[in-house]
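Right, one structure below, let's go through it.
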């Protein structure tokens, strides 16, 4: 069984949910929580925004290194800043740390969505999507380099992510790889349901259009053509059989037709 760490440190890109998840783990375990960015502000005597306005990033990173070094023996959960892996000295501190490092891994879409939800529009306006993607790609291997564990976050609540992290420390060595794979599957499943939900929103728009122009709900020819096209597109994919396409499309189409029919009958 993996020993529960005295210091649990969360790393990951901005918007990964490190602070929220860290607070949730600390709440569940009645332990202390430390936000590295807040400690940097306390050490500097000013906000991070002021640090960058009055000094520069190098000045910020030097303070970050000092605070990071002191946080290695913090008895509780530590949430780091997204750029903590940028400095080589920081990565060395993390690699040699007595703390256990968990990388909260998401994707660009979920990251931007979370930043928008947190009201970080000015930050997003400063960088294009391409800039964000380049930064995300550049940092990802650095997080992987120092992390002891990686937990997938896409589509999961902070409570779910916290539970997965806690589960790591009741597992034995042989179970860890399995838990990592299951974390990925859970994230994929939630992405699938998110896509299906968005698909149903489009279905409603289609139903309203059909109602407006007097078009029938059922269109067998279009459905048959879609199935045939999918079978051609995935003919070389060993994971997607013709039978799977038929079964999945039947479920999706029956659900969509029912939803369209309900909408057509409204007012």
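In full-length UniProt numbering, the protein residues as written are 1 to 267. For every residue, glycine included, the Cβ atom is placed at its ideal position computed from N, Cα and C.
- In this structure, the CA atom of residue 142 is about 46 angstroms from the CA atom of residue 225.
- DSSP, read as helix, strand or coil, puts residue 93 in helix.
- Note that the C-beta distance between residue 100 and residue 14 is not below 8 angstroms.
- Shown here, residue 149 sits in a strand according to DSSP, grouped into three states.
- Here residue 102 carries a strand assignment [DSSP, helix/strand/coil].
- Of the residues assessed, residue 80 falls on the buried side of the cut-off, its CB having 16 or more other CB atoms within 10 angstroms.
- DSSP, reduced to helix, strand and coil, places residue 85 outside both helices and strands of the structure shown, so it counts as coil.
- Look at residue 20 here: in three-state DSSP terms it is helix.
- For residue 59, the number of other beta carbons within 10 angstroms of its own is below 16, and it is reported as exposed.
- Taking residue 249 as the centre and dropping the five residues before and after it, the same chain places the C-beta of 223, 226, 227, 230 closer than 8 angstroms to its C-beta, in chain order.
- The stretch 44-55 makes no contact with the stretch 90-105; the number of CB pairs closer than 8 angstroms stays below 3.
- Beyond the five residues adjoining it in sequence on each side, residue 69 comes within less than 8 angstroms, by CB distance, of 93 in the same chain, given in chain order.
- In this structure residue 73 is exposed. Its beta-carbon is surrounded by fewer than 16 other beta-carbon atoms within 10 angstroms.
- For residue 9, the enclosing beta strand (DSSP E) covers residues 7-11.
- When rounded, the separation of the alpha-carbon atoms in residue 166 and residue 25 is 8 angstroms.
- In the structure shown, the three-state DSSP call for residue 244 is helix.
- Taking the Cα of residue 202 as reference, the smallest distance to any Cα among 255, 130, 23 is reached at 255.
- Taking all protein chains shown into account, residue 132 has 16 or more neighbouring C-beta atoms within 10 Å of its C-beta and is therefore buried.
- Residue state for residue 156 is assigned as coil, using DSSP reduced to three classes.
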